[in-house]
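Trainee: Sending over a structure as structure tokens; questions will come in a sec.
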Amino acid sequence: MDRSEQALFQLLEKGTSGVMVVKEAQLQLEAAGFEELRFQQIWGLKEKGKYYVRHHDTTLFAFTIGEQLSFRDTIRIGAAHTDFPCLRLKPNPDLTAGGYAQVNVEVYGGAILNTWLDRPLSISGRVALASEDVMHPCMRDISVERTLGVIPNLAIHMDPQINKGKELNKQTDLLPILGFAKEEKEHLFLEFLAEELCVKPDEILDYELWVYCREKPQYAGINEELILSPRLDNLTSVQALLTGIIESERREGINVVALFDHEEVGSRTKQGAGSVFLKNLLERILESVGRTPAQTAASLYDAFFLSVDVAHGMHPNQMGKMDLTNKPILSKGLCIKEASSQSYATDCEAVAAIEQICKKEGIPYQKFVNRSDIAGGGTLGAVASSFLPVKMVDVGVPLLAMHSAVETMGVGDMKALTDLIRAFYLI
Ligand SMILES: [Zn+2]
Numbered sequence: 074m075d076r077s078e079q080a081l082f083q084l085l086e087k088g089t090s091g092v093m094v095v096k097e098a099q100l101q102l103e104a105a106g107f108e109e110l111r112f113q114q115i116w117g118l119k120e121k122g123k124y125y126v127r128h129h130d131t132t133l134f135a136f137t138i139g140e141q142l143s144f145r146d147t148i149r150i151g152a153a154h155t156d157f158p159c160l161r162l163k164p165n166p167d168l169t170a171g172g173y174a175q176v177n178v179e180v181y182g183g184a185i186l187n188t189w190l191d192r193p194l195s196i197s198g199r200v201a202l203a204s205e206d207v208m209h210p211c212m213r214d215i216s217v218e219r220t221l222g223v224i225p226n227l228a229i230h231m232d233p234q235i236n237k238g239k240e241l242n243k244q245t246d247l248l249p250i251l252g253f254a255k256e257e258k259e260h261l262f263l264e265f266l267a268e269e270l271c272v273k274p275d276e277i278l279d280y281e282l283w284v285y286c287r288e289k290p291q292y293a294g295i296n297e298e299l300i301l302s303p304r305l306d307n308l309t310s311v312q313a314l315l316t317g318i319i320e321s322e323r324r325e326g327i328n329v330v331a332l333f334d335h336e337e338v339g340s341r342t343k344q345g346a347g348s349v350f351l352k353n354l355l356e357r358i359l360e361s362v363g364r365t366p367a368q369t370a371a372s373l374y375d376a377f378f379l380s381v382d383v384a385h386g387m388h389p390n391q392m393g394k395m396d397l398t399n400k401p402i403l404s405k406g407l408c409i410k411e412a413s414s415q416s417y418a419t420d421c422e423a424v425a426a427i428e429q430i431c432k433k434e435g436i437p438y439q440k441f442v443n444r445s446d447i448a449g450g451g452t453l454g455a456v457a458s459s460f461l462p463v464k465m466v467d468v469g470v471p472l473l474a475m476h477s478a479v480e481t482m483g484v485g486d487m488k489a490l491t492d493l494i495r496a497f498y499l500i
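Residue numbers (my numbering): 74 to 500.
Structure, rendered in structure tokens:
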């Protein structure tokens, strides 16, 4: 197994919610000697320093400072998202129907709903508990490492038309079954959650809990040339950025990794790429290393931003869905994504710079553009660029079945992406 795939498999298994993705990122950064900072403190940054700062438990920024700082030092930013389409638990979650115990959920992001049926499911996220200090509830992370539930399909015998396509109702058709209702346990899930956290149920005040798919990442194909896993969108990008910043020690300039939440619901939140966070962070770093406000403003305009998120590979059963001349194939390299609508950051000078890195380092790459009659998706890059008008490119590995509970990628593309990020932070 390639080293970049090994790191990816570990993150795919452990990163069961945005909270857990940030926790795993933190572990990797600490093991590499990064020091935690808090936004609420004054920073004393040093040359050759490696730092990270978390925000709201689902967002993380990491940065390194070169050993030789000067006014002309360049800033390299790589950004990805920590969230993924799934189901989210509502407050007062316990439900019973026909003797079954269930939980009430809503859909988060643009999930392919049918793919969540008949899957092993569990719960991950964070819980706010009662505390003495009312303004600071006790926050606890949780990722249940066993299968807690399932959303079963209806048998074809009861719905003979099912193979003609079935629209699922987001409220009533997606309620996971957790077992059987028990009279002595009126709130089966909340009581289970309290037991897991070793607290009383009435100490649980609120939570952000996500239903995650427990399928494991695995190789597939006669020659094991494919990888199947939940959450490839966008943990491939998160891991490539972490490896890149950890392994690339640039002598000059500042390298930054920004991991945002809420990309799947539009990014325009305080944890999303649409907040002023990244710009504030960069200004704070530059001021902390002694730049004047005028030098800070000048440096910001010299920054280069890589928005890292997955692309669509060509599906052999649906070849008509691809563009006529740009048809990325899995395992043939990372994708540079372009769109005239600017739903992907599209800046030809910046694209050419990334192509030159790929050519110099022998990294395979392909270009992705949507078919002209298909709108396609967007990325956080376009949103972030309105706050940080710098050179920007969208890159990522090609997938099949993006936003399915289990997505497919090609072996080798993770190495290509990781090699690019490493070179981006080094050159
Ligand atoms: Zn994505």
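For glycine and all other residues, C-beta sits at the position ideal for the given N, C-alpha and C.
Bear in mind the structure is a predicted one, so any value in this text is a computation, not a measurement.
1. Should D382 be listed as close to ligand 1, given that the test is whether its C-beta is under 7 Å from any heavy atom?
2. Counting C-beta neighbours from all protein chains within 10 Å, is the total for S459 16 or more, i.e. buried, or is it exposed?
3. According to the Cβ coordinates, are E269 and V217 closer than 8 Å?
4. For K352, count neighbouring C-beta atoms within 10 Å of its own C-beta (all shown protein chains included) and say buried if the count is 16 or more, exposed if not.
5. Enumerate, from N- to C-terminal direction, the unbroken beta strand (DSSP E) stretches of 3 or more residues contained entirely within the region 265-309.
6. Is the distance from the Cβ of S310 to the Cβ of E480 below 8 Å?
7. Can N307 be considered in contact with ligand 1, in the sense that its beta carbon sits closer than 7 Å to one or more heavy atoms?
8. Which whole-angstrom value is the C-beta distance of A489 and P437, which I expect to be below 8 Å?
9. If distances are taken between C-alpha atoms only, which option among S380, I319, Y285, N236 comes closest to P193?
10. Taking Cβ positions, are A346 and A457 nearer each other than 8 Å?
11. Answer with buried or exposed for S413, where buried requires no fewer than 16 other C-beta atoms within 10 angstroms of its C-beta.
12. Pair every Cβ in the region 178-193 with every Cβ in the region 363-378, then say whether three or more of these pairs are closer than 8 Å.
13. Bridge partners of L100, per DSSP?
14. Compute the distance between the beta-carbons of A152 and L102, then report whether it is under 8 Å.
15. How would you call G294, buried or exposed, if buried means at least 16 neighbouring beta carbons within 10 angstroms?
16. Tell me whether the beta-carbon of A474 lies closer than 8 Å to the beta-carbon of E434.
17. Examine chain D for any beta-carbon lying closer than 8 Å to the beta-carbon of E179, and answer yes or no.
18. Does the distance between the C-beta of E264 and the nearest non-hydrogen atom of ligand 1 fall short of 7 Å?
19. Could you name the residues of the same chain whose beta carbon sits closer than 6 Å to that of T169, not counting the 5 residues immediately before and after it, in chain order?
20. Can you grab the Cα-Cα spacing for the pair V94 / T155, in whole Å?
21. When the Cα atoms are used, what is the spatial distance from C211 to G91?
22. Let me make sure I understand the geometry here. Which of F378, I115, L308 has the alpha-carbon closest to that of S77?
23. Classify K53 as buried or exposed, calling it buried when 16 or more other Cβ atoms lie within 10 Å of its own Cβ.
Mentor: Working from what's here:
1. True, at least one ligand heavy atom lies under 7 Å from that Cβ.
2. Exposed, because fewer than 16 other Cβ atoms sit within 10 Å of the Cβ of S459.
3. Annotated as proximal: E269 and V217, with beta-carbon spacing under 8 Å.
4. By the neighbour-count rule (16 or more Cβ atoms within 10 Å), K352 is not buried but exposed.
5. Those beta strand (DSSP E) runs which fall completely within the region 265-309 and span 3+ residues are 277-286, 291-293, 299-302.
6. No, the Cβ-Cβ distance between S310 and E480 is not below 8 Å.
7. At least one heavy atom of ligand 1 is nearer than 7 Å to the Cβ of N307, so yes.
8. Separation of the CB atoms of A489 and P437 is rounded to 5 Å, and the pair is thereby assigned contact status at 8 Å.
9. That would be Y285, whose Cα lies nearest to the Cα of P193.
10. Contact flag set, yes.
11. Only exposed fits S413, as fewer than 16 other CB atoms lie within 10 angstroms of its CB.
12. No: fewer than three Cβ pairs fall under 8 Å.
13. DSSP lists no partner for L100.
14. Going by C-beta atoms, A152 is not nearer than 8 Å to L102.
15. Around the beta carbon of G294, fewer than 16 other beta carbons sit within 10 angstroms, so the residue counts as exposed.
16. Not in contact: A474 and E434 (Cβ atoms no closer than 8 Å).
17. Reference to chain D is not applicable here, since this structure consists of a single protein chain.
18. Outside the cutoff, so no.
19. If we look at T169 and ignore the five residues flanking it on each side, its Cβ neighbours are A254.
20. Straight-line Cα distance between these residues: approximately 6 Å.
21. Rounded to the nearest angstrom, the gap between the Cα atoms of C211 and G91 is 19 Å.
22. Nearest of F378, I115, L308 to S77, Cα basis: L308.
23. Here the chain has residues from 74 to 500 only, and residue 53 is not among them.
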